[in-house]
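For the sequence shown, counting from 1, position 150 maps to 657 in the numbering used here; every step adds exactly one.
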Amino acid sequence: MAKRGDRKLQILQTLAEMLEAPAAEKITTAALAARLDVSEAALYRHFASKAQMFEGLIEFIEETLFGLINKITGEEKNGLKQLEAITAMLLGFAQKNRGMTRVLIGDALVHENERLQLRINQLHDRVEATLKQALRFAASQNELPAAPDPSARANLIMSYITGRWHQFAKSGFRRDPMQFWNEQWRSLLAY
């Protein structure tokens, strides 16, 4: 018999896999249970609600993204390279985690509890704050001209990232979020 933690992880992995389907259909607990070959009651032994399952996915995304961001900022001492590495990592994360991309853009959360979308919005705000911090760091190292307000540039980069995530998900995962990366990155940095 699978351990409780193993079954929870299996449920979350299956939910993420179901979100990888290009057709943006609402995922029901009945469909999830059928995919796992368990009863809906078995799902509810591990999660109190479907919203809690999505919270588990969001928690995984947060832990992964901010773990990688902390690794980048801890290892890279050049502010501009930090900014580039964080942006590329966020695009690459989407490329490797299709179902999670649908959560990141809120597409998978449309018919779910509104607190889930609020949590994703907070995640976006935290990422944008991280980008702003990297921009300030790059300016302090004279790698970029000091902008009067790095918030505008951080918002532009975050808008670029979320736009690439949207294109990727809405294209049925055919539009690679890393396409045109080198050319577009230079444009994002132009003053």
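The beta-carbon is built from N, C-alpha and C at its ideal position, and this holds for glycine as well.
Contact belief for residue i with residue j at Cβ below 8 Å, rounded distance in angstroms
i: Ala645; j: Leu597; result: The Cβ separation is near 17 Å, so there is no contact.
i: Lys677; j: His618; result: Actually they do not touch by this definition, with Cβ atoms about 17 Å apart.
i: Phe561; j: Leu616; result: 6 Å
i: Ile664; j: Leu630; result: Actually they do not touch by this definition, with Cβ atoms about 15 Å apart.
Residue i versus residue j - alpha carbon distance
i: Ser694; j: Leu590; result: 14 Å
i: Met508; j: Phe554; result: For Met508, the predicted model reports a pLDDT of 37, less than 50, meaning its position is unreliable and no value from the coordinates is stated.
i: Ile518; j: Leu543; result: 7 Å
i: Ile627; j: Ile612; result: 8 Å
i: Arg609; j: Arg633; result: 18 Å
i: Arg552; j: Phe680; result: 33 Å
i: Phe687; j: Val545; result: 43 Å
i: Lys515; j: Glu566; result: 13 Å
i: Pro657; j: Ala697; result: 13 Å
Beta-carbon spacing of residue i, residue j below 8 Å
i: Leu522; j: Leu564; result: yes
i: Glu602; j: Met525; result: Strictly speaking, residue 602 in this sequence is Gln, with Glu absent from that position. In this structure, Met525 does not lie closer than 8 Å to Gln602 by Cβ.
i: Ala595; j: Glu583; result: no
i: Leu623; j: Ala558; result: yes
i: Glu635; j: Ala659; result: no
i: Glu650; j: Asn577; result: no
i: Leu550; j: Thr535; result: no
i: Arg605; j: Glu527; result: yes
i: Ile568; j: Met607; result: yes
Limits of the unbroken alpha helix (DSSP H) element including residue i
i: Arg671; result: 657-677
i: Lys557; result: 557-582
i: His631; result: 621-647
i: Leu651; result: Neither: Leu651 is in no alpha helix (DSSP H) and is coded neither H nor E.
i: Phe680; result: Counting along the chain, Phe680 falls outside any alpha helix (DSSP H), and DSSP gives it neither H nor E.
i: Leu611; result: 605-611
i: Gln691; result: 688-696
Proximity test, residue i beta-carbon vs the ligand MG heavy atom, cut-off 7 Å
i: Thr580; result: You won't find the ligand MG in this model; it holds no ligand whatsoever.
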